[in-house]
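Engineer: Sequential numbering from 226 applies to the sequence shown in the working numbering.
Below is one structure. I have some questions about it.
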Amino acid sequence: MDCKRLLAYVCFLFPAIGMAQDSTRNKLEEVEVTDKKQSNFGHMYQVDGMKITAGKKSEVISVEHLNVNKATNNTRQVYAKVAGLNIFENDGSGLQLSIGGRGLDPNRTSNFNVRQNGYDISADALGYPESYYTPPAEALSKIEILKGAAGLQYGTQFGGLLNFEIKQPGDDKKFSLESRQTVGSWNFLGSFNAISGTAGKLKYYAFAHYKKGDGWRSNSRFESFNGYADLHYHFNDKHMLGIEYTHMNYLAQQPGGLSDRMFEEDPRQSNRERNWFSVNWNLIDLEWDYRISPRTRLQTRAYTLIASRKAIGFRNNRVSVIDEGGKRDLLTGDFKNTALESRLLHRYNAGAQQQVLLAGVRAYRGTNTNRQGYVNNGNGANFEFNEDETTQMVSDYSFPNLNLAAFAEHIVRLSSKLSITPGIRVEHIRTQAEGYYIERGYDMRDSIDYERRQDESRNLPRTFVLGGLGVAYKFNPTLEAYGNFSQNYRSVTFSDIRVVNPSFKVSPDIADERGWSSDLGMRGSISDVFRFDGNLFYLYYGNRIGEHGTKDTNGRDIRLRDNIGVAQIYGLETFMELDVLGLLAKSSKFGVTIYNNLSLTEATYTQSPIGNVQGSRVEYVPFINWKAGAQFNYKTWKLTYQFSYLSEQYSEATNATDGGYSGVIGTIPTYYVMDLSAGWSYKWLTIEASVNNLANNMYFTRRAIGYPGPGIIPGDGRSFYLTAGVKL
226 MDCKRLLAYV CFLFPAIGMA QDSTRNKLEE VEVTDKKQSN FGHMYQVDGM KITAGKKSEV
286 ISVEHLNVNK ATNNTRQVYA KVAGLNIFEN DGSGLQLSIG GRGLDPNRTS NFNVRQNGYD
346 ISADALGYPE SYYTPPAEAL SKIEILKGAA GLQYGTQFGG LLNFEIKQPG DDKKFSLESR
406 QTVGSWNFLG SFNAISGTAG KLKYYAFAHY KKGDGWRSNS RFESFNGYAD LHYHFNDKHM
466 LGIEYTHMNY LAQQPGGLSD RMFEEDPRQS NRERNWFSVN WNLIDLEWDY RISPRTRLQT
526 RAYTLIASRK AIGFRNNRVS VIDEGGKRDL LTGDFKNTAL ESRLLHRYNA GAQQQVLLAG
586 VRAYRGTNTN RQGYVNNGNG ANFEFNEDET TQMVSDYSFP NLNLAAFAEH IVRLSSKLSI
646 TPGIRVEHIR TQAEGYYIER GYDMRDSIDY ERRQDESRNL PRTFVLGGLG VAYKFNPTLE
706 AYGNFSQNYR SVTFSDIRVV NPSFKVSPDI ADERGWSSDL GMRGSISDVF RFDGNLFYLY
766 YGNRIGEHGT KDTNGRDIRL RDNIGVAQIY GLETFMELDV LGLLAKSSKF GVTIYNNLSL
826 TEATYTQSPI GNVQGSRVEY VPFINWKAGA QFNYKTWKLT YQFSYLSEQY SEATNATDGG
886 YSGVIGTIPT YYVMDLSAGW SYKWLTIEAS VNNLANNMYF TRRAIGYPGP GIIPGDGRSF
946 YLTAGVKL
């Protein structure tokens, strides 16, 4: 983009700021389509807090109102009404969230900008955007999802924004208590306890969450603790200062992956007793909120992450090989990141309409390290490198990185019905890698053929400009059409640069991904009994990173991670919800609500330098992604049924169907899963019960190339959970 075009764009983005008025006489409130009844799903306001969402595809899950299995963070149930999400079900514990949509890899939600209360919580927002920490559903008030176009405000990810909002205290109590205790299949035990209150100008909320279990498969026990504390002090009507601290740690035994033959024989089996995974997460956020005037608000926050991720185990490419002891592969990562973000939201009148400007800046710095080696340190969860000859290092890296960004979006209301929202983001990224790795060759029996050390130093600075435009038209207060176009960008990650894995290799020429996305849709409601949101979407994914099957120099079948080519992804997303009894008659005792969430997606590689890829279907994109369900209410009783169906998917870019001995290549067969949840409440007491995978189907959602595999990772069989909760 040349300077003249950029200047013209900025001039269009900031029109008539000098016309701003501080008077509130003509202030126009944001008005959105909402249900008068208590709802558990909807979309955001055009101006939602410090976010502009006008013209964008947005979804909001009101977690507090869900009748689902919250104790295990059951992703399939919690996100049932979000259009087009594909879910990796790594285990039944809910420790890690792995969701993707519109042809994007679900692994650890790495294609979304993942936040909690508005700040980053992933390992490294640019260099390693994987989510090892997921807040417990029992602590959440809502989950916000802003598709594609969110990259202009929150950073360069094709998936958009995923934001978890923790519960906030009410204004009417100095002290309140919530406690939920859950027992379930395979010795599951969950305990969630929270306190909150408002004392004068001080608001506070804190929770402690503990869970453990043995898991559905052998060798899959886990134990987790999550704590959170939030203090916000309102000095006056203008100034608020807040501090939040989050801690999470867990230890999980990983049963490893399966080959196709092993899955058919017994999906619960495991031949990996020495594979362990550990996470320690610490987040601190400081927030200053300054309401400069009734029309102008400034929010500044500084936050830091100090965390670690450690994995150890036996990872033979032949997953059927028995682990007979000896050295294990140890991989450790330490993450230390600090960020400063500031946002200014300003409303002003131009003519008869209120206009809204949002602008912000961001500075982000990370100092992260990654070490990998083979250690002979026993069978347990020992994540220490022995500083002697028994340790065989295979890589040791530091990944310093820097991100500086500025953005602006502007709602230009041309009339009471029509608005356009241009946006722009200027981004500077510097990704570095300093260290070495041991290059290995393997023979046809997967034995090491040769080793040689490769020292490496990379410095990848780049600066670029992204733009976008949204359009919204309100036919009436309950019916709105929306559309948007936004450029997208995703930088290479640490794992794209260097991780030694016998199951796959990384191309030394791997590069950043670029593209754009667009939506065109309509949403609304009719008489508070029928709600809908339907849209067409298109995603142009240039230089897409993915895996494809190939052979190494010795003829071994491996997966190579590389820039596959251009992927074009388009489809239809629809959501409809009907209050059946509300349509027929008004009743305060009974309620029947049904919903249908259907996405149809085409995803094809249209250009690729790699043989057998052009014309292939993009991996992990089912053509049919269908969720449907019903909720029955009687007084304080609730019963919720859900049906999930996903058509066949491919796990790599050449669409190979033979899983072979490793299980990392092949199809994800069509599967369906049913869930049932019930709840009853009386004053301060709540009883809930869930049956997940009601039909006890044997299925899987992914073929992992690294941890928790390699190989097929089966979904859990039928499980039962019972929760007792009190609110005082």
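A virtual CB, placed ideally from N, CA and C, is assigned to each residue, including glycine.
Treat the numbers as computed from the prediction; the structure is a model and nothing was measured.
If you draw a straight line from the alpha carbon of leucine 901 to that of asparagine 858, how long is it in whole angstroms?
Structural biologist: 14 Å
Engineer: So, for aspartate 317: in the same chain, excluding its five sequence neighbours on each side, which residues have a beta-carbon less than 7 Å away from its beta-carbon?
Structural biologist: The amino acid occupying residue 317 in the given sequence is glycine; aspartate does not appear at that position. So the qualifying residues of the chain are Thr297, Gly440, Trp441, Asp941 and Ser944.
Engineer: What residues match up with methionine 747 in a beta bridge as DSSP calls it?
Structural biologist: Ala706 and Gly759
Engineer: Who are the Cβ neighbours of valine 303 in its own chain at under 8 Å, not counting the five residues just before and after it?
Structural biologist: Ile286, Val288, Leu291, Val293, Lys295, Ala362 and Ile368
Engineer: Going by Cα to Cα distance, which pick from Phe624, Ala606, Phe560 and Asn601 is closest to methionine 618?
Structural biologist: Asn601
Engineer: For leucine 963, which option in Ser356, His472 and Gly796 has the closest C-alpha, if you only look at C-alpha atoms?
Structural biologist: This structure leaves residue 963 out entirely; the chain is present only between 226 and 953.
Engineer: Grab me the residues of tryptophan 513's own chain with a C-beta within less than 6 Å of its C-beta, minus the 5 sequence neighbours each way, in chain order.
Structural biologist: Leu466 and Thr525
Engineer: Give every residue of the same chain whose Cβ lies closer than 6 Å to the Cβ of alanine 564, excluding the five residues on either side of it in the sequence, and list them in chain order.
Structural biologist: Tyr528 and Tyr589
Engineer: Going along the chain, which unbroken runs of the beta strand (DSSP E) with 3 or more residues stay wholly within the segment 526-614?
Structural biologist: 553-575 and 578-600
Engineer: Taking a contact to mean a Cβ-Cβ separation below 7 Å, would you say leucine 329 touches phenylalanine 383 in this structure?
Structural biologist: Contact check for leucine 329 against phenylalanine 383 passes: the beta carbons are separated by less than 7 Å.
Engineer: Between Leu365, Leu402, Ile370 and Thr407, which has its C-alpha nearest glutamate 390's C-alpha?
Structural biologist: Closest by C-alpha distance to glutamate 390, out of Leu365, Leu402, Ile370 and Thr407, is Leu365.
Engineer: For leucine 643, which residues of its own chain have a beta-carbon under 7 Å away from its beta-carbon, when the five flanking residues on both sides are left out?
Structural biologist: Tyr698.
Engineer: Helix or strand or just coil, what does DSSP make of leucine 639?
Structural biologist: coil
Engineer: In terms of alpha-carbon separation, which member of Leu310, Gly585, Asp462 and Arg301 lies closest to tyrosine 379?
Structural biologist: Comparing alpha-carbon positions, the option among Leu310, Gly585, Asp462 and Arg301 lying closest to tyrosine 379 turns out to be Gly585.
Engineer: Excluding the five sequence neighbours on either side, which residues of its own chain have a C-beta within less than 7 Å of the C-beta of asparagine 880, listed in chain order?
Structural biologist: Excluding residues within five positions, the ones whose Cβ falls inside 7 Å are Ser841 and Arg842.
Engineer: I'd like to know if the segment 443-462 and the segment 495-508 are in contact, where contact means that at least 3 CB-CB pairs between them fall below 8 Å.
Structural biologist: yes
Engineer: Determine the contact status of valine 544 and glycine 936, defining contact as a CB-CB distance below 7 Å.
Structural biologist: yes
Engineer: Considering Cα atoms alone, identify which of Gly692, Gly660, Gly740 and Ala375 is closest to valine 339.
Structural biologist: Ala375
Engineer: Spatial neighbours of asparagine 332 within its chain, please: C-beta separation below 7 Å, excluding the five flanking residues on both sides.
Structural biologist: Phe313 and Ser323
Engineer: May I have a chain-ordered list of the beta strand (DSSP E) segments no shorter than 3 residues that lie completely inside the segment 816-862?
Structural biologist: 849-859
Engineer: Count the other CB atoms, across all protein chains shown, that sit within 10 Å of the CB of phenylalanine 719; report buried if there are 16 or more and exposed otherwise.
Structural biologist: buried
Engineer: Would DSSP call tyrosine 886 helix, strand or coil?
Structural biologist: coil
Engineer: With 16 as the cutoff for other CB atoms within 10 Å, does isoleucine 912 come out buried or exposed?
Structural biologist: exposed
Engineer: Compare the C-alpha of phenylalanine 400 against each of Gly425, Phe848 and Tyr897 and name the closest.
Structural biologist: Gly425
Engineer: Using only the alpha-carbon positions, how far apart do threonine 926 and asparagine 461 sit?
Structural biologist: Distance between the alpha carbons of threonine 926 and asparagine 461: 51 Å.
Engineer: Sort out for me which residues DSSP pairs asparagine 713 with in a bridge.
Structural biologist: Gly740
Engineer: Check whether the segment 431-438 touches the segment 397-413, taking contact to mean three or more Cβ pairs, one atom from each stretch, closer than 8 Å.
Structural biologist: yes
Engineer: Output the residue ranges of the beta strand (DSSP E) runs that lie fully inside the segment 296-367 and measure 3 residues or longer, sorted by chain position.
Structural biologist: Segments of the beta strand (DSSP E) lying fully in the segment 296-367: 310-312, 324-326 and 338-341.
Engineer: In whole angstroms, what is the alpha-carbon distance linking glycine 385 and valine 690?
Structural biologist: 17 Å
Engineer: According to the Cβ coordinates, are glycine 199 and alanine 279 closer than 7 Å?
Structural biologist: What the structure shows of the chain is the stretch from 226 to 953, and residue 199 is not part of that stretch, so it cannot be assessed.
Engineer: Determine the direct distance from the alpha carbon of glutamate 827 to that of glycine 1036, and round the result to whole angstroms.
Structural biologist: No answer is possible for residue 1036: the residues shown for the chain start at 226 and end at 953.
Engineer: Quick one: what's got a C-beta closer than 6 Å to tryptophan 851's C-beta in the same chain, skipping five residues either side?
Structural biologist: Leu823 and Tyr870
Engineer: For my contact list, arginine 683 and tyrosine 661 are in at a C-beta cut-off of 8 Å; report their separation, rounded to the angstrom.
Structural biologist: Actually they do not touch by this definition, with Cβ atoms about 12 Å apart.
Engineer: For valine 546, count the other beta carbons within 10 Å of its own beta carbon; 16 or more makes it buried, fewer makes it exposed. Which is it?
Structural biologist: So valine 546 ends up on the exposed side.
Engineer: Note the first and the last residue of the continuous beta strand (DSSP E) segment covering arginine 516.
Structural biologist: 501-518
Engineer: Kindly indicate which three-state DSSP category asparagine 388 falls into: helix, strand or coil?
Structural biologist: strand
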